[in-house]
Each structure stands twice: as C-alpha cells, then as structure tokens.
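Colleague:
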Amino acid sequence: MSRTRPSRFWETLAVVIVKPLSWLLVKKDWRRGDRMPRTGGVIIATNHLSWADPVLLAHFLYNHGRWPVVLAKSTLFKVPFLGHAVRELCAIPVDRGSDEAARSLQESAQRLRDGGAILFYPEGTCTRDPRLWPMVGKTGAARLALESGAPVIPVAHWGAQELLPYGDTWPRPLPRKTFRVMVGPPVDLSKYAGRAPHADVLRAATADIMAAITAQLAELRGEKAPAVPYDSTER
Numbered sequence: 026m027s028r029t030r031p032s033r034f035w036e037t038l039a040v041v042i043v044k045p046l047s048w049l050l051v052k053k054d055w056r057r058g059d060r061m062p063r064t065g066g067v068i069i070a071t072n073h074l075s076w077a078d079p080v081l082l083a084h085f086l087y088n089h090g091r092w093p094v095v096l097a098k099s100t101l102f103k104v105p106f107l108g109h110a111v112r113e114l115c116a117i118p119v120d121r122g123s124d125e126a127a128r129s130l131q132e133s134a135q136r137l138r139d140g141g142a143i144l145f146y147p148e149g150t151c152t153r154d155p156r157l158w159p160m161v162g163k164t165g166a167a168r169l170a171l172e173s174g175a176p177v178i179p180v181a182h183w184g185a186q187e188l189l190p191y192g193d194t195w196p197r198p199l200p201r202k203t204f205r206v207m208v209g210p211p212v213d214l215s216k217y218a219g220r221a222p223h224a225d226v227l228r229a230a231t232a233d234i235m236a237a238i239t240a241q242l243a244e245l246r247g248e249k250a251p252a253v254p255y256d257s258t259e260r
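Per the working numbering, residue 26 is the first one in the sequence shown, and the count goes up by one each step.
(1) Which whole runs of the alpha helix (DSSP H) in the segment 209–246 are 4 residues long or more, in chain order?
(2) So THR152 packs on LEU242, CB below 8 Å; how close in whole Å?
(3) Report the three-state DSSP secondary structure of ASP13 (helix, strand or coil).
(4) Quick check on the DSSP output: the alpha helix (DSSP H) that includes LEU101 runs from which residue to which?
(5) Buried or exposed, going by whether 16 or more other CB atoms sit within 10 Å of the CB of ILE42?
(6) If you draw a straight line from the C-alpha of ILE143 to the C-alpha of PRO200, how long is it?
(7) If you draw a straight line from the alpha carbon of ALA166 to that of ALA39, how long is it in whole angstroms?
(8) Measure the alpha-carbon distance for PRO251 versus PHE34 and round it to whole angstroms.
(9) Might you give, ordered along the chain, the residues of its own chain that have their beta carbon closer than 7 Å to the beta carbon of PRO79, omitting 5 neighbours on each side?
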C-alpha cells in the first residue's frame with residue numbers, strides 16, 4: 026500500500042525542524058491558499074528557483090492542509106541517514122535518464138489514487154533562464170495528469186533564490202528575505218481528454234501547465250513574462 030503521509034513520528038520531526046527554520050529565515054507573502062484542494066489526489070505543479078524552495082514550499086503546503094509527496098533524485102536515497110529520512114517522508118525516487126523513471130510515474134499515480142498531493146517540478150531542475158522565468162517543461166506532470174485525471178494546481182513562488190541562489194552552498198539569511206507564493210486555479214486540460222498521450226499532446230498540455238505557473242509568477246513579480254519560455258535544450 027502506498028503512503029500519502031509519513032508516520033506521526035517523522036511528520037512531527039519534519040514539522041518541528043522545518044516550520045521554525047522557515048519562519049526564522051524568511052517573511053511570508055502567501056496568496057490564494059484557498060485555491061488549494063484540502064482533500065483528494067492532486068498534482069501541484071510549480072517553478073524551481075533554488076534548492077531552498079522545496080523546504081519553504083513544503084511549509085506553505087502543510088499550512089494549507091497538504092503533505093507534499095516529492096519526487097526526489099534516486100541518489101538522495103543512497104545517502105546515509107538522509108536517504109532513510111527522505112524515504113520515511115514519503116518521497117518518490119526518480120532515476121532520470123533510465124527506464125526506471127517510468128516507475129516513479131506509476132508510483133505517483135498510485136499515490137494520487139490514495140488521495141496524495143504530488144509536488145511536481147515540470148522543469149526538472151532549477152531554471153536556467155537568465156531572468157529566472159520558468160523554462161519549457163518536461164512532460165511527466167502532463168502525462169500523469171492526463172492518465173490519472175487528477176487536477177493540476179499551478180503554484181508560483183518567488184524569493185527562495187535570494188535566500189539560496191542556485192549553485193551556492195550557503196544561504197544568505199541577512200537581510201531577511203520574503204518568500205512569496207501564489208496559487209492559481211486548476212489548469213484546464215479538458216481539451217486533451219480522451220486523446221492518446223502522443224508526444225504532441227503531452228507537449229501541448231505541458232505548455233498549458235507551464236503557462237499557468239508563469240501567469241501566477243508574473244502577478245507575484247509585477248512584471249510581464251516573456252512571450253516564449255526559455256528552452257535549455259536549444260542552448
């Protein structure tokens with residue numbers, strides 16, 4: 026049987042560590058948390074700016090009634106103690122670039138059927154866009170959504186990159202940063218219902234998901250997003 030929440034011990038341990046740390050490191054600007062479904066299987070699709078944002082975003086999601094089931098690199102599961110902790114916190118291992126990657130989607134689908142909240146980074150890594158807008162996404166989240174029928178909730182965030190810029194080892198806690206979050210309405214993927222998940226369908230659905238995330242981020246930043254998202258495969 027798959028798990029959508031950790032045991033009481035591991036959940037309490039994570040909350041005791043993460044919440045005080047999060048409150049200490051950043052100020053909060055959380056918007057439209059009422060759009061986050063409190064029950065049922067859901068795919069939470071978000072942008073990726075920093076290695077700090079999964080922790081900060083987990084605090085937001087926990088405070089809005091959801092335990093995030095994270096897809097994590099399989100190498101993390103091999104690190105002493107950390108690997109055990111990640112597994113106990115219900116993360117799903119992802120072995121990128123191999124046939125095993127399909128198993129992570131199968132496991133994610135089962136967690137959705139059990140009512141879990143899958144936290145998905147469609148970009149697959151921190152954005153390489155020079156202005157930190159979301160890049161062209163990979164198709165895993167779209168495939169999972171179309172095959173499972175689970176709603177996709179776009180969530181944009183901004184500020185984690187100021188606390189821990191991509192590539193840095195140590196955070197920059199002073200001056201205290203603000204972590205902003207905006208939840209969008211469910212992405213409308215109804216036009217793809219009943220269609221075979223061919224590459225063109227998956228790419229189009231992925232583009233819709235990334236556009237929804239980008240729209241929320243544009244509102245957070247108070248800026249106009251690029252007309253065409255950055256594509257790291259063309260560089």
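Ideal placement from N, C-alpha and C gives every residue a C-beta, glycine not left out.
Modeller: Here's the rundown:
(1) 224–246
(2) Going by Cβ atoms, the distance from THR152 to LEU242 rounds to 10 Å, so no, they are not a contact pair.
(3) Look at the range of the chain in this structure, 26 to 260, and you will see that residue 13 is not part of it.
(4) That residue, LEU101, is in no alpha helix (DSSP H); it is neither H nor E in DSSP.
(5) By the neighbour-count rule (16 or more Cβ atoms within 10 Å), ILE42 is not buried but exposed.
(6) Cα to Cα, ILE143 sits roughly 33 Å from PRO200.
(7) Rounded to the nearest whole angstrom, the CA to CA distance from ALA166 to ALA39 is 26 Å.
(8) 45 Å
(9) VAL95
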